[in-house]
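Student: Residue numbers (the working numbering), protein chains in the order written: chain S, 21 to 353; chain F, 276 to 456; chain A, 33 to 457.
Where is the CB? At the ideal position from N, CA and C, for every residue including glycine.
1. Mind checking whether residue 62 of chain A and residue 407 of chain A have CB atoms under 7 Å apart?
2. If we define contact as Cβ-Cβ less than 7 Å, is residue 325 of chain S a contact residue for chain F?
3. Can you list, in chain order, the residues of its chain with a C-beta nearer than 8 Å to that of residue 122 of chain S? Leave out the 5 residues immediately preceding and following it.
4. Quick one, which residues of the region 222 to 236 of chain S are near chain A if we go by CB-CB under 8 Å, in chain order?
5. For residue 249 of chain S versus residue 197 of chain S, is the C-beta distance shorter than 7 Å?
6. Starting from residue 381 of chain A, trace the alpha helix (DSSP H) both ways and give me its first and last residue.
7. What's the gap between the Cα of residue 57 of chain A and the Cα of residue 230 of chain A?
8. In the structure shown, what three-state DSSP assignment does residue 225 of chain A receive?
9. Per DSSP, residue 316 of chain F is paired with what?
10. Below 6 Å CB to CB, which residues in the same chain sit around residue 331 of chain S once its five sequence neighbours on both sides are set aside?
11. Would you kindly work out how many angstroms separate the C-alpha atoms of residue 431 of chain F and residue 445 of chain F, rounded to a whole number?
12. Please list, in chain order, all residues of the same chain as residue 124 of chain S whose beta carbon is under 7 Å from its beta carbon, the five residues on each side excluded.
13. Just mark residue 284 of chain F as buried or exposed, buried being the case when its beta carbon has 16 or more other beta carbons within 10 Å.
14. Hey, does residue 276 of chain F have any beta-carbon neighbour from chain S nearer than 7 Å?
15. Between residue 344 of chain F and chain S, is there a C-beta pair that is closer than 7 Å?
16. Are residue 399 of chain F and residue 371 of chain F closer than 7 Å when you measure CB to CB?
17. Applying the 10 Å Cβ sphere with the 16-neighbour rule, what's the burial state of residue 380 of chain F?
18. Measure from the alpha carbon of residue 266 of chain S to the alpha carbon of each residue in S:252, S:288, S:311, then state which is nearest.
19. Over what stretch of residues does the beta strand (DSSP E) that includes residue 405 of chain F continue unbroken?
20. Chain A partners of residue 240 of chain S, CB-CB under 7 Å?
21. Answer with yes or no whether the minimum CB distance from residue 295 of chain S to chain A is below 7 Å.
22. On the criterion of 16 or more Cβ atoms from any shown chain inside 10 Å, does residue 281 of chain A qualify as buried, or is it exposed?
23. Within the same chain, show all residues whose beta-carbon is closer than 6 Å to that of residue 199 of chain S, passing over the 5 residues directly before and after it, in chain order.
24. Please confirm if the region 435 to 442 of chain F is in contact with the region 416 to 434 of chain A, defined as three or more CB-CB distances below 8 Å between the two stretches.
25. Can you look up residue 226 of chain S in the DSSP assignment and give me helix, strand or coil?
26. By a C-beta neighbour count over all protein chains shown, 10 Å radius and 16 as the cutoff for buried, is residue 191 of chain S buried or exposed?
27. Need the endpoints of the beta strand (DSSP E) that residue 417 of chain A sits in, please.
28. Let's test the definition: count the other Cβ atoms within 10 Å of the Cβ of residue 205 of chain A and tell me whether it reaches 16, buried, or not, exposed.
29. Report yes or no: is there a C-beta of chain S within less than 7 Å of the C-beta of residue 231 of chain A?
30. Going by DSSP in three states, residue 196 of chain A sits in which element: helix, strand or coil?
31. Nearest by alpha-carbon distance to residue 344 of chain S: which of F:369, F:348, F:373 is it?
32. Under 7 Å between C-beta atoms, does residue 119 of chain S make it to chain F?
33. Looking only at C-alpha atoms, which of S:166, S:151, S:157, S:84 sits nearest to residue 134 of chain S?
34. Please identify, using Cβ separations under 7 Å, the residues of the region 356 to 390 of chain A that lie next to chain S, in order along the chain.
35. Thinking just about the alpha-carbon of each residue, which of F:335, F:312, F:397 is nearest to the one in residue 369 of chain F?
36. Are the Cβ atoms of residue 212 of chain S and residue 59 of chain S separated by less than 7 Å?
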């Protein structure tokens with residue numbers, strides 16, 4: 021059996037050109053600290069654009085970007101659309117409804133139909149873990165794939181905008197203690213965040229949740245488990261709250277929202293256990309009174325609103341880097 | 276006027292600034308431009324613009340331009356992540372602009388800069404000022420005022436170092452170098 | 033037809049034989065080994081110098097896809113692939129369409145295979161009607177039509193009472209029951225081994241207990257009902273231990289492992305390659321080691337191909353919605369030879385696991401080169417280098433990670449009933 025690293029299908033090798041440039045953005049898995057930092061630096065240059073009168077750059081002019089969302093999400097899709105337009109690309113939004121029995125076939129047929137339109141990039145959100153990898157392995161080499169969230173596996177652009185936020189407000193990752201709180205089990209965002217934080221050199225990544233919401237063996241990704249929130253967020257520099265979906269109550273994973281809020285909700289009182297200058301983050305949309313108290317969400321330590329703006333810059337960075345890598349590879353052939 | 280013969284000789288910067296300041300003053304007077312806005316292209320052009328401002332003893336506003344997002348070689352070189360954002364602290368609409376760079380060669384940097392300037396608004400005019408004008412145009416772009424014309428050997432390039440002192444350095448061009456200038 | 037096979041390295045575990053010698057066949061049976069018998073004049077001689085000569089392999093679990101969707105394969109293509117892989121007999125799984133739950137369908141399969149004239153088929157009948165896990169199948173009729181065993185595959189039996197009744201009824205006819213142990217509620221919607229990797233990849237997991245719980249329950253029912261039982265396609269090291277303990281207690285049980293689980297682990301899922309979507313799932317490195325150890329010490333007496341050919345579209349989907357299964361008949365030999373090279377078992381034991389042991393647990397007079405036995409044997413070139421591709425592969429299913437990969441070790445000739453039915457030229 022050949023080593024995983026030599027395997028051309030390994031996540032690292034699928035995403036990078038032969039000279040190490042990004043050509044797909046599917047997961048944080050396999051990407052180096054250097055590359056992640058490059059994404060953050062590129063996002064930085066785009067972030068400052070919003071303050072000036074020129075909101076658009078012509079980098080992706082003439083390119084067609086297709087938003088392929090198999091799962092509903094107005095908010096994420098809107099930020100990708102905005103990011104693409106600020107790069108002067110043409111954007112096509114496709115909402116696909118798939119029947120549960122014929123999912124696989126429909127996906128292949130859908131891809132073939134869209135490819136005929138000569139798109140340069142797909143931004144994909146899908147309910148199956150691994151869907152973005154599958155699509156990347158199937159489309160003709162010219163198309164860059166950006167994973168906007170696949171099943172429970174990964175949400176790498178969200179993780180990068182979270183890293184951007186942390187770097188912006190905390191200066192860097194060395195010595196940093198970060199706590200991720202809530203429904204880790206169902207969260208693709210959390211998985212990507214854990215990887216990114218470890219790759220970028222955070223000192224400690226903590227996961228805080230009741231046992232029923234912790235995936236088996238998740239510590240092996242490089243995190244410490246806490247079931248008591250007070251212990252979990254003690255002295256941390258960053259608190260990331262995850263959204264709790266109402267369906268979890270019916271799945272026999274939690275008794276009630278009230279109990280969850282009492283034990284794991286971020287209130288002003290709980291926040292006092294964290295470092296006095298800790299920042300509060302949330303991938304959104306927030307459930308007030310379920311995972312976070314309004315006073316905290318709207319308070320001085322919260323950077324939740326800024327995250328949205330950083331999201332556009334981060335996505336601009338990822339999209340332009342991946343497009344550049346694709347074009348570079350195309351030119352080599 | 277023809278180019279000087281192919282040479283390895285590089286001029287001193289300070290006297291060039293002096294002569295360029297004189298030429299620019301005269302040009303602006305001829306064209307009735309009294310309150311131009313200066314725009315320097317990162318990084319060399321900004322240094323030259325500041326030096327000119329000092330020499331001419333004027334306090335015209337100075338904006339800085341980074342053309343990374345407007346380059347035409349995006350697919351070959353990709354993005355340079357160490358881009359400093361452009362900063363134009365004034366409106367360009369209907370204004371007379373003086374665009375300043377250190378070296379003019381192929382003309383592509385100026386093409387990118389003008390595209391970017393027009394994305395900010397419609398200026399009344401743009402006057403192009405460069406310290407050096409080298410042979411090797413690939414686009415029909417010429418400086419309105421320049422310090423010196425030069426022809427260099429094919430494998431050599433010029434880089435301005437600074438900000439103090441401002442100095443020209445000769446650089447050997449690597450075989451597959453990308454040509455932004 | 034009188035045939036002599038000369039100068040090959042004859043390996044026959046039934047006789048503890050491993051030496052260069054000759055094999056003589058007459059009228060479709062093994063006549064003698066060694067010197068030419070008095071008065072025997074061969075009509076055809078085969079030079080087996082440099083080759084291994086051994087009993088043809090017997091596969092315990094193979095999908096021939098017929099009756100069923102022809103784009104996935106059929107009896108002609110798959111029995112041909114079997115021969116190329118060294119299998120002179122294959123057990124046919126009952127989950128055809130319609131399933132093998134009636135004597136009529138079983139006869140159709142047997143007759144078609146005889147017509148095609150490649151590998152012989154040994155049908156394994158359905159334990160319950162339609163494999164639905166509710167009503168007993170016509171077990172006596174199935175036995176009469178030629179079924180060598182019964183199974184419900186991975187389809188759950190409604191409840192343990194029905195399962196007990198099925199086993200008691202099967203015991204009436206001394207039928208072998210084959211179990212693919214899996215607790216369906218613990219399996220749930222899972223399709224990957226439950227552990228830190230499936231957590232990282234966000235893939236729904238099947239815990240180890242889905243297999244071990246089922247094994248424990250079945251062992252107790254076996255004890256109660258006294259049936260002969262075979263546990264197929266084990267995936268956990270723990271189950272191997274359970275089998276070893278039960279064997280030590282004297283229970284009439286045997287067990288096998290599918291080729292894929294001796295070679296791969298859950299690590300193969302990292303790239304979401306649907307070729308590795310299997311039932312049962314590929315588990316941890318520790319599990320793989322436990323299975324290899326079980327193979328070595330004989331707790332797992334046989335290796336099964338687990339052959340499940342698919343058309344390309346079945347695998348062209350995100351992992352969780354791709355169809356599980358691997359096409360494997362044609363790579364069993366080269367991959368088992370690799371395990372021999374790595375020291376996991378001797379060449380003789382390899383032949384035992386692939387030929388003699390299956391014959392013994394199925395209670396058929398086969399899997400050995402004993403005089404009077406049907407002349408089902410193969411000639412192997414252990415050094416041959418080749419690549420599995422469109423020119424060399426016979427199965428309709430290309431769903432294998434070994435497609436277009438170099439392999440070492442190849443079947444050169446396969447004889448069934450004393451006839452050469454496959455020859456590499």
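Tutor: Looking at the atomic coordinates:
1. yes
2. no
3. Residue placement at residue 122 of chain S cannot be trusted, given a pLDDT of 46 that sits under 50; what the coordinates show is reported in the next sentence. Answer for residue 122 of chain S: no residue qualifies.
4. 235, 236
5. no
6. 379 to 383
7. 53 Å
8. strand
9. F:340
10. 99, 181
11. 7 Å
12. Residue placement at residue 124 of chain S is poorly supported in this model, since its pLDDT is 49, which falls under 50; the coordinates are not used for a value here.
13. exposed
14. Model confidence at residue 276 of chain F stands at a pLDDT of 47, short of 50, so the residue's coordinates are unreliable and nothing is read from them.
15. yes
16. yes
17. buried
18. S:311
19. 400 to 409
20. 228
21. no
22. exposed
23. 226, 228, 252, 253, 256, 259
24. no
25. strand
26. exposed
27. 409 to 419
28. exposed
29. yes
30. helix
31. F:348
32. Residue placement at residue 119 of chain S is poorly supported in this model, since its pLDDT is 42, which falls under 50; the coordinates still yield a value, given next. Closer than 7 Å: no.
33. S:84
34. none
35. F:397
36. no
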